[in-house]
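Visitor: First residue of the sequence shown: 30, per my numbering; consecutive thereafter. Here it is, the structure in full.
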Amino acid sequence: METKKVFTIRNFKSGFILCLKISLILGIVFAILYRQYSVENFLLSLGISAMYTFGIGFGLNLLNAYLSSRWDWVKQTNARVAVGIIGTLVYIVPVVLGINYVLFVGIQDLDPSKFFSGNFFWIHIFYIILSLAVATFMHARDFMRNWKAALGKETKIQKVIAGTASAQFDALKNQLDPHFLFNSLNVLTSLIDEDPNNAQKFTTSLSKVYRYVLEQKNKDLVTVEDELNFARTYMSLLKNRFEDSIIFEIPDNVSNPDAKVVPLSLQLLLENAVKHNTVAANKPLHIKIYETENSLVVENNLQPKQVVKKSSGVGLANIVQRYALLTKREMTIEETSKKFRVSIPMLTKQVSTALEIQQDYIEDKRYFRAKERVKKVKEFYGNLTSYLIVIPVLAYINYQTTDFPWVIFPALGWGFGVLAHYLEATDRTPFLGRNWEERKINELMQEDEKEKKQMYS
Numbered sequence: 030m031e032t033k034k035v036f037t038i039r040n041f042k043s044g045f046i047l048c049l050k051i052s053l054i055l056g057i058v059f060a061i062l063y064r065q066y067s068v069e070n071f072l073l074s075l076g077i078s079a080m081y082t083f084g085i086g087f088g089l090n091l092l093n094a095y096l097s098s099r100w101d102w103v104k105q106t107n108a109r110v111a112v113g114i115i116g117t118l119v120y121i122v123p124v125v126l127g128i129n130y131v132l133f134v135g136i137q138d139l140d141p142s143k144f145f146s147g148n149f150f151w152i153h154i155f156y157i158i159l160s161l162a163v164a165t166f167m168h169a170r171d172f173m174r175n176w177k178a179a180l181g182k183e184t185k186i187q188k189v190i191a192g193t194a195s196a197q198f199d200a201l202k203n204q205l206d207p208h209f210l211f212n213s214l215n216v217l218t219s220l221i222d223e224d225p226n227n228a229q230k231f232t233t234s235l236s237k238v239y240r241y242v243l244e245q246k247n248k249d250l251v252t253v254e255d256e257l258n259f260a261r262t263y264m265s266l267l268k269n270r271f272e273d274s275i276i277f278e279i280p281d282n283v284s285n286p287d288a289k290v291v292p293l294s295l296q297l298l299l300e301n302a303v304k305h306n307t308v309a310a311n312k313p314l315h316i317k318i319y320e321t322e323n324s325l326v327v328e329n330n331l332q333p334k335q336v337v338k339k340s341s342g343v344g345l346a347n348i349v350q351r352y353a354l355l356t357k358r359e360m361t362i363e364e365t366s367k368k369f370r371v372s373i374p375m376l377t378k379q380v381s382t383a384l385e386i387q388q389d390y391i392e393d394k395r396y397f398r399a400k401e402r403v404k405k406v407k408e409f410y411g412n413l414t415s416y417l418i419v420i421p422v423l424a425y426i427n428y429q430t431t432d433f434p435w436v437i438f439p440a441l442g443w444g445f446g447v448l449a450h451y452l453e454a455t456d457r458t459p460f461l462g463r464n465w466e467e468r469k470i471n472e473l474m475q476e477d478e479k480e481k482k483q484m485y486s
């Protein structure tokens, strides 16, 4: 499995090298402090440092990697925390006691009966607490890494979804232009043969209607009032051809002036009614537009044509798909033996387009990142203050209780943590400079935008 490969290769190699470096640094520090310049004493100091570094640091790293490979931080957070606490305690206590036993009894010739007595008991407690602090830091770091990875994945998914939805919506809107023009020219062609005078009037009306199509087709939503006004103009266009063979009913006023529908939806529905039904003087087509239950309804008497030309499928499908990208409310289609009825939702709440959703998501992400930055800075100052208070206290306790300078371990370990905290809070990366992560993200986003432009150009 892939998680096992990460556990055995990446974690083992990087953890081993890091612990080796820390052991070497601590060995040199202790050798200088105790003036143990001989090879034998230096190797002894290095060995003691390696025991603690590998036993606690490296062991906890492997334990953490193993637990993370079995329990996911994001999906199984509670379980991961629980096994992390139990596993850490079960591992740390015997390991710390074992290392201390080797150091005090094996190397310093301490009487085994005194191993848990006097100051040694508190030394064991101190090392266990210190190890638990290190373990907490490692678990927290692993959680943040997994959380950031999951967040980055979610951001990418949302970006893809928003981009896809925006592209789909634009494609659906672009269908309206050629679809309307093609059908109108077909009507005009028929009128030229049947009634040249009426064809001229039709051409004049067509220019007005087509101007509206050009103005509205790129909009995501239009007011119901605008759409009804356009429907009246389009109806007059149809009247030029069918005269008394077609009868319209349309409301004079709108109940909610702020209500909106997708543009050209009424035109597509009116066109669909004429296309699929017989329109004749002896069988007039009645089309009624009205409001009901926060929907706009287009209803016509059902008198289907015997032979209908093959449909392009743009009309009803186009409206359905555009609404699906804007709202959860669906367009409904009802057909009885006498009536055909289509209800389109009138949207009264704020509806965001795919592009607006993506932009809002990006703005939310920026605010979230700024808030996280402030939180990190506050946490750093809190960490630094605690360090400056606790370490001197520990140094005093060390001075009063034993000649062994154990205070160096927490001072160095915690000091490295404070330094790492500072680098994280100020977005400074060693060897890469300040704000490297943000600059890299912007660079990758720019490359992604260039690829998209090349793809669609």
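Idealized CB from N, CA, C, for every residue including glycine.
To the nearest angstrom, how far is the alpha carbon of Lys357 from that of Pro374?
Guide: Here residue 357 refers to the residue found at position 328 of the sequence shown. Here residue 374 refers to the residue found at position 345 of the sequence shown. Roughly 10 angstroms separates the two Cα atoms.
Visitor: Under 7 angstroms from any heavy atom of the ligand ZN, does the C-beta of Pro434 make it?
Guide: In the structure on display, the ligand ZN does not appear, and there are no ligands present to speak of.
Visitor: Is DSSP giving Leu354 helix, strand or coil here?
Guide: Position 325 of the sequence shown, counted from the first residue, corresponds to residue 354. DSSP places Leu354 in coil when its eight states are reduced to three.
Visitor: Output the distance between the C-alpha atoms of Lys55 and Ser78, rounded to the nearest integer angstrom.
Guide: By 1-based counting over the sequence shown, the position of residue 55 is 26. By 1-based counting over the sequence shown, the position of residue 78 is 49. Note on identity: in this sequence residue 55 is Leu, with Lys being the wrong assignment. Computed Cα separation, rounded: 6 angstroms.
Visitor: Could you round the C-beta distance between Trp435 and Ile152 to whole angstroms and report it? I think they count as a contact, below 8 angstroms.
Guide: Looking up residue 435 in the sequence shown gives position 406. Looking up residue 152 in the sequence shown gives position 123. That pair is a contact at about 7 angstroms.
Visitor: Do the CB positions of Val251 and Val290 come within less than 8 angstroms of each other?
Guide: One-based indexing of the sequence shown puts residue 251 at position 222. One-based indexing of the sequence shown puts residue 290 at position 261. Taking 8 angstroms as the Cβ cut-off, Val251 and Val290 qualify as a contacting pair.
Visitor: Exposed or buried, what is Thr117 when buried is set at 16 or more other beta-carbons lying within 10 Å of its beta-carbon?
Guide: Position 88 of the sequence shown holds residue 117. By the 10 Å Cβ count, Thr117 comes out buried.
Visitor: Beta-carbon within less than 8 angstroms of Lys237's beta-carbon, same chain only, minus the 5 sequence neighbours each way: which residues are those?
Guide: Here residue 237 corresponds to residue number 208 of the sequence shown, with the count starting at 1. Here the set comprises Thr262.
Visitor: Going by beta carbon distance, what residues of the same chain come within less than 7 angstroms of Leu201, once the five residues before and after it are set aside?
Guide: For this step, residue 201 is matched to residue 172 along the sequence shown. Confidence at Leu201 is low in this model, with a pLDDT of 47, below 50, so the placement of that residue is unreliable and no value is reported for it.
Visitor: In the DSSP assignment, find the alpha helix (DSSP H) that holds Ile276 and state where it starts and stops.
Guide: Start at 1 with the first residue of the sequence shown, and residue 276 comes out as number 247. Unbroken run through Ile276 is the beta strand (DSSP E), Ile275 to Glu278; no alpha helix (DSSP H).
Visitor: Tell me the DSSP bridge mates of His305?
Guide: The sequence position of residue 305 within the sequence shown is 276, counting from 1. In DSSP, His305 forms no bridge with anything.
Visitor: Here's the rule: buried if 16 or more other CB atoms are within 10 angstroms of the residue's CB, otherwise exposed. What is Ile294?
Guide: Looking up residue 294 in the sequence shown gives position 265. The sequence as given places Ser at residue 294; Ile does not occur at that position. Label assigned to Ser294: buried.
Visitor: Can you find the residues in the same chain that come closer than 8 angstroms, C-beta to C-beta, to Ser284, ignoring five residues on each side of it along the sequence?
Guide: Position 255 of the sequence shown, counting from 1, holds the residue named residue 284. Hits under 8 angstroms: Glu320.
Visitor: By Cβ distance, which residues of its chain are closer than 8 angstroms to Tyr416, with the 5 residues on each side in sequence left out?
Guide: Here residue 416 refers to the residue found at position 387 when the sequence shown is read from its first residue. Only Trp443, Gly444 and Val447 meet the Cβ criterion.
Visitor: Using DSSP with H/G/I as helix, E/B as strand and the rest coil, what is Thr377?
Guide: As a first step, residue 377 must be located in the sequence shown, where it is residue number 348. In this structure, Thr377 counts as coil in the three-state DSSP scheme.
Visitor: Compare the beta carbon distance of Ile316 and Val326 with 8 angstroms and say whether it is the shorter of the two.
Guide: The sequence position of residue 316 within the sequence shown is 287, counting from 1. The sequence position of residue 326 within the sequence shown is 297, counting from 1. No; because the gap between Cβ atoms is not below 8 angstroms, this pair is not in contact.
Visitor: Please state if the CB of Asn301 and the CB of Leu314 are separated by a distance shorter than 8 angstroms.
Guide: Here the question's residue 314 lines up with position 285 in the sequence shown. Here the question's residue 301 lines up with position 272 in the sequence shown. It is not a contact, given that the beta carbons lie outside the stated cut-off.
Visitor: Select from Ser265, Leu257, Gly76 and Asn90 the residue whose C-alpha is nearest the C-alpha of Thr233.
Guide: Position 204 of the sequence shown holds residue 233. Of the candidates Ser265, Leu257, Gly76 and Asn90, the one whose C-alpha sits nearest the C-alpha of Thr233 is Ser265.
Visitor: Answer yes if the region 129 to 142 comes into contact with the region 98 to 115, meaning at least three C-beta pairs across the two stretches below 8 angstroms, and no otherwise.
Guide: Because the criterion of three Cβ pairs below 8 angstroms is not met, the region 98 to 115 and the region 129 to 142 do not touch.
Visitor: Which two residues bound the contiguous beta strand (DSSP E) that contains Val110?
Guide: The residue given as residue 110 occupies position 81 in the sequence shown. Taken as a continuous stretch (DSSP letters only), Val110 belongs to no beta strand (DSSP E), being part of the alpha helix (DSSP H) at Thr106 to Tyr130.
Visitor: Quick one: what does DSSP say Lys334 is sitting in, helix, strand or coil?
Guide: Locating residue 334 in the sequence shown gives position 305, counting from the first residue. Three-state result, Lys334: coil.
Visitor: Rounded to the nearest angstrom, what separates Asn269 and Gln335 at their Cα positions?
Guide: Along the sequence shown, read from residue 1 onward, the residue named residue 269 stands at position 240. Along the sequence shown, read from residue 1 onward, the residue named residue 335 stands at position 306. One C-alpha to the other measures close to 24 angstroms.
Visitor: What's the call for Pro333, buried or exposed, on a 16-neighbour Cβ count within 10 Å?
Guide: Position 304 of the sequence shown, counting from 1, holds the residue named residue 333. Pro333 is exposed by the Cβ-count criterion.
Visitor: What residues are listed by DSSP as bridge partners for Leu314?
Guide: Taking the first residue of the sequence shown as 1, we reach residue 314 at position 285. Ile275, per the DSSP bridge assignment.
Visitor: I'd like to confirm the pairing. Which residues does DSSP put opposite Asn329 in its beta bridges?
Guide: On the sequence shown, position 300 is the one that residue 329 refers to. In the DSSP output, where bridge partners are listed per residue, Asn329 has Ile316 and Phe369.
Visitor: Please determine, among Leu161, Lys368, Glu322 and Ser366, the residue with the shortest C-alpha to C-alpha distance to Met360.
Guide: For this step, residue 360 is matched to residue 331 along the sequence shown. It is Glu322.
Visitor: Report yes if the C-beta distance between Gly76 and Val124 is below 8 angstroms; otherwise report no.
Guide: On the sequence shown, residue 76 is found 47 positions in, with the first residue counted as 1. On the sequence shown, residue 124 is found 95 positions in, with the first residue counted as 1. Taking 8 angstroms as the Cβ cut-off, Gly76 and Val124 do not qualify as a contacting pair.
Visitor: Determine the burial state of Arg109: buried for a count of at least 16 other Cβ atoms within 10 Å of its Cβ, exposed for fewer.
Guide: Along the sequence shown, one-based indexing puts residue 109 at 80. So Arg109 ends up on the buried side.
Visitor: Can you check whether the CB of Asp287 is closer than 8 angstroms to the CB of Thr377?
Guide: Here residue 377 corresponds to residue number 348 of the sequence shown, with the count starting at 1. Here residue 287 corresponds to residue number 258 of the sequence shown, with the count starting at 1. Result yes, Cβ atoms of Thr377 and Asp287 sit closer than 8 angstroms.
Visitor: Taking the alpha carbon of Asn282 as the point to measure from, which residue in Glu256, His305 and Trp176 has its own alpha carbon closest?
Guide: Counting from 1 along the sequence shown, the entry for residue 282 is found at position 253. Closest option to Asn282, Cα to Cα, is Glu256.
Visitor: Excluding the five sequence neighbours on either side, which residues of its own chain have a C-beta within less than 8 angstroms of the C-beta of Leu96, listed in chain order?
Guide: Here residue 96 is taken as the residue at index 67 of the sequence shown, counted from 1. Excluding positions up to five away in sequence, the list reads Arg109, Val112, Gly113 and Gly116.
Visitor: Please classify Lys248: does DSSP put it in a helix, a strand, or coil?
Guide: Taking the sequence shown and counting its residues from 1, one reaches residue 248 at position 219. It is coil, neither helix nor strand.
Visitor: For a test of the three-state rule: what should DSSP assign to Glu322, helix, strand or coil?
Guide: Locating residue 322 in the sequence shown gives position 293, counting from the first residue. Glu322: coil per DSSP, three-state reduction.
Visitor: Considering only the beta carbon of each residue, do Ile157 and Ile128 sit closer than 8 angstroms?
Guide: Here residue 157 corresponds to residue number 128 of the sequence shown, with the count starting at 1. Here residue 128 corresponds to residue number 99 of the sequence shown, with the count starting at 1. Contact flag unset, no.
Visitor: Could you tell me if Phe133 is buried or exposed, where buried requires 16 or more neighbouring beta carbons within 10 angstroms of its beta carbon?
Guide: As a position in the sequence shown, residue 133 is number 104, starting the count at 1. Classification of Phe133: buried, given that the 10 Å Cβ count is 16 or more.
Visitor: Among Ile221, Leu331, Ala353 and Leu91, whose alpha-carbon lies nearest the alpha-carbon of Lys367?
Guide: Start at 1 with the first residue of the sequence shown, and residue 367 comes out as number 338. Comparing Cα-Cα distances from Lys367 to each of Ile221, Leu331, Ala353 and Leu91, the minimum goes to Leu331.
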